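Next up, the structure:
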């Protein structure tokens, strides 16, 4: 994308006013997406964007500028703008970067297949048909396909030079079902860090049928309960609980500002002994996987909670530097227009030894959440919500009537202590995590598990 | 080609020229719409008496829609380099081959409605030196730290500004341009007392640098954090809920999705088929009026280049209309209501609101007035999980909430970790009080204190 001598000159220019650290992050991304809605392929869209973000660090201060102009002149201009913040200082330093690391070297991850536009549309039509054949009450279907290829190149004044090529493909189906009581919805998404090979692993018909089945089941749903009940979370999307209840609170940017309930708790019990929580950017083709993060650091496996004891936080370059340690490979950004932040990758609870069906059978009364749709947390107080988009009552140890959508609410440190069963049926689910205006792809996962009590925000008294 | 309308703004002539040139590359049998945009932005974040980060950036891009034989293709690029212009048009053209032919797919054409000019550009912003912006961010942070002994942390204190210009030219006769500046201060604080911590955020927005008010932003953040100290999990039960002005904009934003003509046409709105019916409390009148210059979302032209206009959506509780862009309007057999919105050059237009307001309640209905009228209930100052617990299609509504109990018509003890639930349909019918305290917040809706009866609270 950019020649090494150019990168070296740009880094030197960035440090000209006395900065301690400079970095060039270059990105070239192309997207293709299409949507079938209301029985029609409404549009096929393609986009391309390339540019570079340059940051200069001096003391506690970061200067940042970005440009879509990848010529040497454009980069030098951005370097000058980024270094303006260090103008008080002076110095001149030459920078030499090392050999390229990461999958940009050509080794490592396989080249991803690209499907043609025709193939994508065929998948959309198949999904539409499968959903519509799931039941006469299915009144609307929307199917979406998106694929992106992102090449990144990172060079910094410590001599790092790293690259990665990241392919991501997702397919989603949303259904509406219409009944006597109004409309209900169902939604399913498959997403992996793959190209078109996603569809070797995923059947779009299955996705469509699952989405339709949710909408149809909810036509007979009764209002969710209001108040505290035991909750069994099915494997997969239940991982959102850990993303919200503690994942965000373990991000070092919140920790160093004392804006997390987990500040100062390393070595302490923060969860049930059944909880071993891992964040791992190297897992297969999961949605939060990459070879190097957006600061050029290789992805790695980080154990955050071991048997209920807090063992570590998540780190990016800046926060790690301050603590005299190395980044944990969690420095990520939405695009070259954004500064990196501490972010999760694939965050999951290690499986336990209980039997999923047995967990339900041993719950006399409660709620079974088959699918969670998202959540939100206040890291300072630990209060968080997560929304159930497919849930059922558990009565006498059996899964019975479907429930309408509602949020569940709890406090992270309290909820993590209420986990009293974890099964072995582990699975992962893709998601999009938003923080401070930036969205990045992440994975969540766990096995079926039970919480002894959570407040359910329904309308049934 | 129909007669072109001259709707361009001075200062954007070169952008219009560029869009003109690309639209001129259209071949026989195709309609082309070219949207070009560029912007500059500055953001300063202060922390602990120092600049944590200073971002300065410029960006530009192009989005092109091509229609051939009623098939739409779209392509975009994050650059206005000469080399990408033709490439992007070619991509859009190629993409059009794959869409389903649809007689309703068409570009907007001039409809004769005169645009109401609104001045959204602050000439002074470009001349403000970065040092002044840094100074303001640092001052904001210092102010927040010193404002109250219970403030133990200021985790973000930001200054930001944006200048954005855009031009739209089509082969169907649209030729418009817009430009807009905005500035903001935003601050997040943590209040602490003993082991307990609570957070609060505040902001001040304007068209430029001048007029930004650090005191207002701080006071708002500090009040919100401090009054929640000591909050406990509130009780479960049925209650009247008063939403503060900021929360009201979120509620109206959710409702606006169901008023989209596209959602209605596609059977994804609980308002579908209900024109002329009572859908709300008789006191509920809802209007979208981007021609009101006080509105944050004020605009002369919509995202297809048609004049923005005032649209009455609900009148005294009766559903009167939906919002349309050109395609959704055609599908419904009506004209566009000038309500196309788009998310920048990388997005295609669709119908949406810009400036919703409710007809205000009686004089004296500010926050205190509404609280006094309600007497007993729950006051909500923040909501979480709006994306995960509100289903705008079924209408199911369940959100996490923080706030204070209302007793004897006044704010009483703070509560947290509760949910507030109902359905959107029932909430509209149960809207018992609308504040006269209209404040144009940075949103597609105005802030007005709202009181809604009979909501389910889940807590202890």
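Chains as they are written, first to last, in my numbering: chain A, 1 to 461; chain B, 462 to 921. Positions of the beta carbon are idealized from the N, C-alpha and C atoms, including for glycine. Note that this is a predicted model, so its numbers are computed, not measured.
query: What's the gap between the Cα of residue 96 of chain A and the Cα of residue 157 of chain A?
result: Note on geometry: alpha-carbon atoms of residue 96 of chain A and residue 157 of chain A lie some 7 Å from one another.
Near-chain A residues of the segment 726 to 741 of chain B (beta-carbon distance less than 7 Å), N- to C-terminal order: 727, 728, 729, 731
Test: residue 409 of chain A CB closer than 8 Å to a CB of chain B: yes
- request: Taking only runs that begin and end inside the segment 477 to 525 of chain B, name each unbroken beta strand (DSSP E) of 3 or more residues, in chain order.
  value: Entirely contained in the segment 477 to 525 of chain B, the beta strand (DSSP E) runs reaching 3 residues are, in chain order, 491 to 508.
- request: Have a look at the DSSP bridge pairing and note the partners of residue 457 of chain A.
  value: Answer is A/226.
field: Beta-carbon spacing of residue 484 of chain B, residue 638 of chain B below 8 Å
entry: no
field: Span separating the alpha-carbon of residue 208 of chain A from that of residue 239 of chain A
entry: 22 Å
query: How would you write the range of the alpha helix (DSSP H) that residue 725 of chain B sits in, first residue to last?
result: 722 to 726
query: Using 8 Å as the threshold, is the segment 880 to 893 of chain B in touch with the segment 855 to 862 of chain B, meaning 3 or more CB pairs across them?
result: yes
- prompt: DSSP three-state call for residue 453 of chain B: helix, strand or coil?
  reply: Summary: the structure shown does not reach residue 453 of chain B, with chain B confined to residues 462 through 921, and so no result is reported for it.
- prompt: Along the chain, where does the beta strand (DSSP E) that runs through residue 390 of chain A open and close?
  reply: Start and end: 383 to 395.
message: Could you tell me which whole beta strand (DSSP E) segments of length 3 or greater appear in the segment 121 to 204 of chain A?
response: Along the length of the segment 121 to 204 of chain A, whole beta strand (DSSP E) runs at least 3 residues long occupy 138 to 156, 161 to 179, 182 to 192, reported in chain order.
- prompt: Taking only beta-carbon atoms, is residue 139 of chain A less than 8 Å away from chain B?
  reply: yes
- prompt: How about residue 729 of chain B and residue 214 of chain A: are their beta carbons less than 8 Å apart?
  reply: Cβ atoms of residue 729 of chain B and residue 214 of chain A: not closer than 8 Å.
- request: Less than 8 Å between the CB atoms is what I'm expecting for residue 316 of chain A and residue 438 of chain A, so what's the real figure, rounded?
  value: Going by Cβ atoms, the distance from residue 316 of chain A to residue 438 of chain A rounds to 13 Å, so no, they are not a contact pair.
query: Of all the CB atoms in chain B, is at least one closer than 8 Å to the CB of residue 2 of chain A?
result: no
message: Assess contact between the segment 677 to 693 of chain B and the segment 709 to 719 of chain B, defined as three or more Cβ pairs (one per stretch) separated by less than 8 Å. Is contact present?
response: No: fewer than three Cβ pairs fall under 8 Å.
field: contact_flag[the segment 262 to 277 of chain A, the segment 394 to 405 of chain A] where n(CB pairs < 8 Å) is 3 or more
entry: They do not touch, by the three-pair rule.
- request: Inspect the beta-carbon positions of residue 247 of chain A and residue 344 of chain A and report whether they are closer than 8 Å.
  value: yes
- request: Report the rounded CA-to-CA distance for residue 455 of chain A versus residue 536 of chain B, giving the unit in angstroms.
  value: 46 Å
message: Below 8 Å on C-beta distance, what does residue 623 of chain B contact in chain A?
response: When 8 Å is used as the limit between beta carbons, residue 623 of chain B is near no residue of chain A, the shortest such separation being about 13 Å.
task: Scan the segment 510 to 532 of chain B for residues whose Cβ lies nearer than 8 Å to a Cβ of chain A and list them as they occur along the chain.
output: So the close ones are 511, 512, 513, 514, 515, 516, 517, 518, 519, 520, 521, 522.
task: Could you round the C-beta distance between residue 822 of chain B and residue 895 of chain B to whole angstroms and report it? I think they count as a contact, below 8 Å.
output: 4 Å
field: Chain-ordered chain B contacts of residue 49 of chain A [CB-CB under 9 Å]
entry: What residue 49 of chain A touches in chain B, judged by beta-carbon distance under 9 Å, is 522, 537, 538, 539, 540, 807, going in chain order.
field: Assumed close pair residue 410 of chain A, residue 363 of chain A - CB separation to whole angstroms, cut-off 8 Å
entry: About 18 Å separates the two Cβ atoms, so there is no contact after all.
query: Just checking my contact of residue 741 of chain B with residue 767 of chain B at CB under 8 Å: how many whole Å lie between their CB atoms?
result: Residue 741 of chain B to residue 767 of chain B, Cβ: 28 Å. No contact.
message: Using only CA atoms, which one of A/40, A/225, A/4, A/15 lies nearest to residue 369 of chain A?
response: The residue with the shortest Cα to Cα distance from residue 369 of chain A is A/225.
query: From residue 179 of chain A to residue 219 of chain A, what distance separates their C-alpha atoms?
result: About 6 Å.
- request: Closer than 7 Å, Cβ to Cβ, to anything on chain A: give me those residues from the segment 793 to 807 of chain B, in chain order.
  value: 807
- prompt: Roughly how many angstroms lie between the CA atoms of residue 106 of chain A and residue 1 of chain A, to the nearest whole one?
  reply: At residue 106 of chain A the pLDDT is 44, less than 50, meaning the model places this residue with poor confidence; the figure from the coordinates comes in the next sentence. Taking the straight line from one Cα to the other gives about 14 Å.
message: Would residue 857 of chain B pass as an interface residue toward chain A - the criterion being a Cβ-Cβ separation below 8 Å?
response: yes
- request: Have a look at the DSSP bridge pairing and note the partners of residue 537 of chain B.
  value: For residue 537 of chain B, the pairing in a beta bridge is given by DSSP as A/47, B/524.
- request: Give, in chain order, every residue of the segment 548 to 566 of chain B whose Cβ lies closer than 7 Å to some Cβ of chain A.
  value: 552, 556, 559, 560, 561, 563
query: Between the segment 443 to 455 of chain A and chain B, which residues of the former have CB atoms less than 9 Å from a CB of the latter, in chain order?
result: Residues of the segment 443 to 455 of chain A with a C-beta less than 9 Å from any C-beta of chain B: 455, listed in chain order.
DSSP-derived helix/strand/coil call for residue 244 of chain A: helix
query: Listing by chain order, which chain A residues have their CB less than 7 Å from the CB of residue 659 of chain B?
result: 381
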